[in-house]
Every structure is written in structure tokens, then in C-alpha cells.
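Notes for the one structure printed next.
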Amino acid sequence: MTRLHDLHDQEGQSPWLDNLKRSWLLDGELARWVERGVRGVTSNPSIFQKAIEGSPEYDTQFGSLIAEGRPLEEAYWELVVQDIADALAVLRPVYDASDGIDGFVSVEVSPALAHDGPGTALAARALHERLAAPNLYVKIPGTAACLDAIRQMIAEGRSINVTLLFSVERYDQVIEAYLSGLEELVASGADRDRIAATSSVASFFVSRVDTEVDRRLEALGTDEARALVGQAAVANAKLAYQLFLERFSGPRWEALAAAGARVQRPLWASTSTKNPSFPDTLYIDALIGPDTVNTIPDATLDAFVDHGRVARTVDADLDAAREIGPRLAALGIDLAEVTALLEREGVAAFGKSFDELLAALGTKADELRAEG
Numbered sequence: 348m349t350r351l352h353d354l355h356d357q358e359g360q361s362p363w364l365d366n367l368k369r370s371w372l373l374d375g376e377l378a379r380w381v382e383r384g385v386r387g388v389t390s391n392p393s394i395f396q397k398a399i400e401g402s403p404e405y406d407t408q409f410g411s412l413i414a415e416g417r418p419l420e421e422a423y424w425e426l427v428v429q430d431i432a433d434a435l436a437v438l439r440p441v442y443d444a445s446d447g448i449d450g451f452v453s454v455e456v457s458p459a460l461a462h463d464g465p466g467t468a469l470a471a472r473a474l475h476e477r478l479a480a481p482n483l484y485v486k487i488p489g490t491a492a493c494l495d496a497i498r499q500m501i502a503e504g505r506s507i508n509v510t511l512l513f514s515v516e517r518y519d520q521v522i523e524a525y526l527s528g529l530e531e532l533v534a535s536g537a538d539r540d541r542i543a544a545t546s547s548v549a550s551f552f553v554s555r556v557d558t559e560v561d562r563r564l565e566a567l568g569t570d571e572a573r574a575l576v577g578q579a580a581v582a583n584a585k586l587a588y589q590l591f592l593e594r595f596s597g598p599r600w601e602a603l604a605a606a607g608a609r610v611q612r613p614l615w616a617s618t619s620t621k622n623p624s625f626p627d628t629l630y631i632d633a634l635i636g637p638d639t640v641n642t643i644p645d646a647t648l649d650a651f652v653d654h655g656r657v658a659r660t661v662d663a664d665l666d667a668a669r670e671i672g673p674r675l676a677a678l679g680i681d682l683a684e685v686t687a688l689l690e691r692e693g694v695a696a697f698g699k700s701f702d703e704l705l706a707a708l709g710t711k712a713d714e715l716r717a718e719g
């Protein structure tokens with residue numbers, strides 16, 4: 348047993364692994380992470396860029412695809428789908444043992460669709476049908492353009508990981524999309540098992556908020572500004588958790604729960620510390636609580652297993668958390684403007700990773716053709 352088991356068994360939080368590469372599937376490393384207490388896996392275009400460019404395990408399959416004349420983007424998705432399918436098999440026992448609460452593997456739609464709601468819905472549906480596994484989460488960005496796609500997928504009984512959430516206000520819109528989708532699913536006559544199997548998490552990004560806010564605080568350079576360094580991200584996430592508790596209670600939610608629906612758990616993402624002066628487990632230690640997920644890069648998972656603290660913290664010091672926004676505003680830092688910027692940058696970063704990977708695959712394909 349490790350601290351990862353304690354995190355789940357004692358505090359109701361599910362630790363997931365925010366990384367995936369083929370070597371881990373071939374040598375059993377992913378299975379060993381599961382034995383250590385990992386209960387799910389998340390991926391994104393940046394993760395696949397590093398995995399595919401950084402290891403030779405993809406070369407044989409990619410070479411075969413190019414020899415068949417497959418277009419580059421189609422070849423990319425073949426590589427990704429293979430990894431996701433294999434990871435789904437590794438995590439399926441966790442899904443079964445948890446009655447469908449954990450054991451999920453997430454794959455993201457093309458970042459080019461972040462502002463194309465109908466295109467996102469088509470892509471998400473295609474991935475669900477292609478992989479056809481109950482423990483698959485298709486990741487849809489929580490942009491304004493994709494809110495209706497989220498509702499539509501839930502209404503169809505398809506499980507979704509809503510990603511790139513930075514603001515409590517946008518998170519509220521995502522919860523509304525989830526609840527509305529569930530109400531449509533119930534109204535369609537879906538049975539209790541199908542409703543219970545329609546699952547979602549809302550990926551609320553953490554450390555990037557501190558990175559941007561702290562940059563602005565350091566630029567101000569006052570004692571008052573420096574006193575707020577490293578506080579915005581955790582406070583923002585704690586307020587998101589309070590919204591979660593509020594929205595998943597009361598008559599509307601109780602009616603859905605009676606039909607078999609499950610809460611859309613908050614998932615803390617971007618939880619490695621970017622500032623070396625911060626504790627390396629800061630964004631795990633400070634956001635522990637029931638009905639939450641934390642998806643964590645492997646190096647930070649190792650650190651938490653070694654010296655993390657298992658204790659409920661996600662609703663501690665709420666008054667102080669509520670004061671952070673007004674205190675930042677008094678210094679001229681608008682948290683709403685910061686989170687809107689981070690959403691735009693997040694979409695752009697995933698798009699850049701996707702484009703760079705396709706370019707690298709194009710170079711590799713040219714080399715293979717030249718050799719042939």
C-alpha cells in the first residue's frame with residue numbers, strides 16, 4: 348500500500364496519472380503504477396507529442412502506415428488509438444472493481460476543434476464508437492463553443508472529460524451542460540444502468556493560474572503583492588469545489604441521482620509545481636477531498652508517494668480563499684482576465700504540440716520513403 352491508496356481510501360480522492368507512452372504499455376510500467384494506487388490515466392496532444400517523438404516504439408507501426416499510403420493525421424490517430432486501447436485494457440479492472448467510478452483513460456479530440464462545437468461533437472462520437480470501451484473518457488475543451496457538444500454527448504450517454512477549465516464561472520457553465528445533458532438522457536427513457544454509466548469529470552487547471560498571477564505580482568514588487576504569491580491557484584480551485592458541492596445538491600440534482608446519475612467530479616489538472624521555490628507536492632497536498640480526482644505527472648506522483656500529506660484540505664481556510672480575488676483586484680489583477688488568457692493559451696499550446704508532432708511525423712515519413 349502507498350500514499351496513493353491512502354489518498355483514495357481515507358479521503359475519497361482518486362489519483363490519476365497524467366502521462367502515457369507506449370514503452371509503459373510494453374514493459375508493464377503502467378500496470379505497476381496501477382498497483383501503486385493509480386486509478387486512471389489522462390493524455391493530451393502535448394503528452395503524445397513527447398511520447399511519439401521521444402521513443403522508437405512507434406516507428407514500426409508508423410512505417411507500416413506510411414507504406415500503406417495513410418495520410419499523416421490519420422497515421423497519428425492510429426498511433427494514439429493503439430495506446431489508448433491498450434491503456435483501457437490495463438485500467439479496466441479498476442473500472443470494474445470501482446463500479447465504474449474510476450479506471451478511465453482520457454483521449455482528447457483534435458485541438459483544431461476547440462472553437463468548433465459541431466465538429467467537436469462529431470469527433471467525440473467517432474472516438475467513442477471507434478474505441479467502444481465503457482472506461483473511455485473523450486476530452487472536450489470547456490470553451491464556450493463546445494458547451495453544447497458537452498451537453499449533447501452526455502445526452503447520448505457518452506462519457507466526457509471536460510478539459511482546460513480555469514475559471515469558476517466557466518466551470519459553472521460546464522456543470523449546467525452536464526446536468527442538462529443528463530436530464531435529456533433521463534427524458535429519453537434510458538435505463539438506470541445506462542444513466543449510471545454516463546460519466547464525466549471537469550478538469551480544472553491549477554498551477555498555470557499561479558504562474559500567470561505570480562508573474563504579475565512579482566512585476567508589481569510590493570510587499571502586499573509578494574504576500575499573495577502562490578495563493579491564487581489553490582484559492583481558485585477551492586472555490587470551484589464549493590461550486591461543485593452547491594450544484595450537486597438540492598431538488599434538481601436529487602431527481603437525477605434518483606434516476607441513477609453520478610456527480611461530475613472536479614479533476615485537478617496541471618498539478619506539478621512550476622515554481623521551484625514551492626513544495627513539489629503543493630497542488631496535491633492543498634486540494635485533497637472527497638469526490639475529486641487529481642491527475643498528476645509521474646515525477647510528482649513519485650514525490651507524493653515519498654513525502655506527500657494525506658489529509659482533507661480542499662475546504663480548509665475558505666474565508667481566506669474567498670478574499671484572494673478581491674485582494675488581487677485591489678492590486679489591479681483581474682482573475683477573470685487571467686483565466687480567459689490561460690484558456691486561450693491552453694488551446695493554442697495543445698494546437699502547437701499537435702502541429703509540431705505532425706511536422707515531425709512528416710519529416711520521418713519523408714525519411715522512410717527515401718529509404719524505401
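First residue of the sequence shown? That's 348 in the working numbering, and the numbers climb one at a time after it. Built from N, CA and C at the ideal position, the CB exists for glycine as well. Note that the coordinates shown come from a computational prediction; the quantities given were computed from them, not determined experimentally.
The alpha-carbon of Ala602 is positioned some 12 Å away from that of Ala534. Taking every protein chain shown into account, the CB of Lys621 has fewer than 16 other CB atoms within 10 angstroms, so this residue is exposed. Just so you know, the alpha carbons of Asp365 and Leu351 end up roughly 14 Å apart. Counting along the chain, Arg517 sits inside no beta strand (DSSP E); it lies in the alpha helix (DSSP H) bounded by residues Val515 to Ala534. The C-beta of Thr545 has 16 or more other C-beta atoms within 10 Å across all chains shown, which makes the residue buried. Only residues of its own chain outside the window of five on either side were considered, and among them Asp632 have a CB closer than 6 Å to the CB of Arg656, listed in chain order. In this structure, Gln589 sits near Leu665, with a CB-CB distance shorter than 8 Å. Closest by C-alpha distance to Arg573, out of Thr647, Val581, Leu564 and Val428, is Leu564. With a cutoff of 8 Å on beta-carbon distance, Asp433 and Arg386 are scored as not near each other. The alpha-carbon of Arg599 is positioned some 39 Å away from that of Asp561. Following the DSSP letters along the chain, one finds Glu559 inside the alpha helix (DSSP H) bounded by residues Ser554 to Leu567.
In this structure, DSSP gives Gln360 an extended state, which the three-state scheme calls strand. Fewer than three beta-carbon pairs drawn from the region 394–409 and the region 675–683 are found closer than 8 Å, and the two stretches are therefore not classed as touching. From the listed residues Pro392, Met348 and His355, the smallest Cα separation to Lys368 is found for Pro392.
The beta carbon of Ala668 sits closer than 7 Å to those of Ala582, Lys585 and Leu586, all from its chain and outside the five residues before and after it, given in chain order. Sequence-distant Cβ neighbours of Val548 in its own chain, meaning closer than 6 Å and more than five residues away, are Asn508, Arg612, Leu614 and Val640. Using a C-beta cut-off of 8 Å, the region 374–390 makes no contact with the region 684–701, since fewer than three inter-stretch Cβ pairs fall below that distance. With a threshold of 16 other beta carbon atoms within 10 Å, Met348 falls short and is exposed. For Asn583, the uninterrupted alpha helix (DSSP H) segment begins and ends at Ala579 to Arg594. Short of 6 Å from the beta carbon of Gly466, and not among the five residues preceding or following it, lie these beta carbons of its own chain, in chain order: Leu460.
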